[in-house]
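A quick write-up on the structure given underneath.
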Amino acid sequence: MRQLSATRRIRPIPAVNAVIVNGESKVLLTRRSSRVREPGKWCLPGGHLDGGEDWIAALRREVREETGLSVLREELIGIYSDPELTVSTEPSADGWHGQYVVACFLVRSYEGEVAPNAEVCEWGWFSADDLPSPMLVSHPIRIRDAFRFDGTAFVR
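Using this note's numbering, the letters of the sequence shown correspond one by one to residues 554 to 709.
Here it is as C-alpha cells:
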C-alpha cells in the first residue's frame with residue numbers, strides 16, 4: 554500500500570475514461586506517445602475536463618480527439634477516486650499532486666473509423682482477458698468493471 558504523506562499538497566482533477574467496446578466484445582486501447590505523461594503505456598481513451606465542460610461533453614471531446622470516433626451513446630460505469638490508484642506520484646511544476654476523480658463510461662454505440670491524434674502512437678482492439686502491457690495501473694480495473702457492468706453505476 555502506497556503511503557500518502559499528510560503534508561503532500563493534493564488537488565482533485567476531474568477526468569473521464571471511455572471503455573469503447575466493439576461488436577466482437579473487444580475494447581479499444583491506445584498507446585501513449587512520447588508527447589504525453591507515461592509514454593509507451595496502453596490506456597483507455599480519456600482526459601481532463603476543460604473549464605466550463607460537463608462530463609459527457611468531455612467524454613465525447615476526448616474520444617473524438619484521441620480516436621476520431623463519435624460517441625452516440627454512453628453509460629456511466631462508475632466514479633473512480635481511490636487515492637492508491639489516482640494520486641499522481643510526481644508533483645506538477647507548482648508542487649501540487651493531482652488526484653484524478655474519473656467518471657468512466659461504457660461506449661457500445663459510436664460511429665466513424667479509428668484515426669488517432671499525436672497523443673497516440675499505436676492502437677488496437679483487445680479481449681478483456683488478453684490486455685497488452687505495460688498499461689496504466691488503474692485501467693484494467695475499469696475494463697473489468699465495464700465487462701461486469703449491470704446498468705448500476707458505483708463509486709470506487
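Beta carbons: idealized from backbone N, C-alpha and C, even for Gly.
CB contact flag (residue i, residue j, <8 Å)
i    : j    : result
R695 : N570 : yes
G631 : F707 : yes
Backbone CA spacing between residue i and residue j [nearest angstrom]
i    : j    : result
R561 : E664 : 43 Å
T639 : Q652 : 5 Å
E618 : V580 : 17 Å
First through last residue of the alpha helix (DSSP H) which encompasses residue i
i    : result
A699 : H692 to R701
R564 : No alpha helix (DSSP H) contains R564, which is instead part of the beta strand (DSSP E) from I563 to I573.
Range of the contiguous beta strand (DSSP E) that encloses residue i
i    : result
A681 : It is not in any beta strand (DSSP E) - A681 carries neither H nor E in the DSSP assignment.
Residue i beta carbon near the ligand FAD (any heavy atom closer than 7 Å)
i    : result
E666 : The model on display carries no ligand, and the ligand FAD is accordingly not part of it.
Environment of residue i [buried if 16+ CB atoms lie within 10 Å]
i    : result
G704 : exposed
R613 : buried
I573 : buried
V627 : It should be pointed out that residue 627 corresponds to Glu in this sequence rather than to Val. Buried is the call here.
Q) Should the segment 600-618 be regarded as contacting the segment 684-693, the criterion being three or more beta carbon pairs within less than 8 Å? A) no
Q.
Below 8 Å, how does it come out for the segment 586-595 and the segment 667-685: are there three or more Cβ pairs, yes or no?
A. yes
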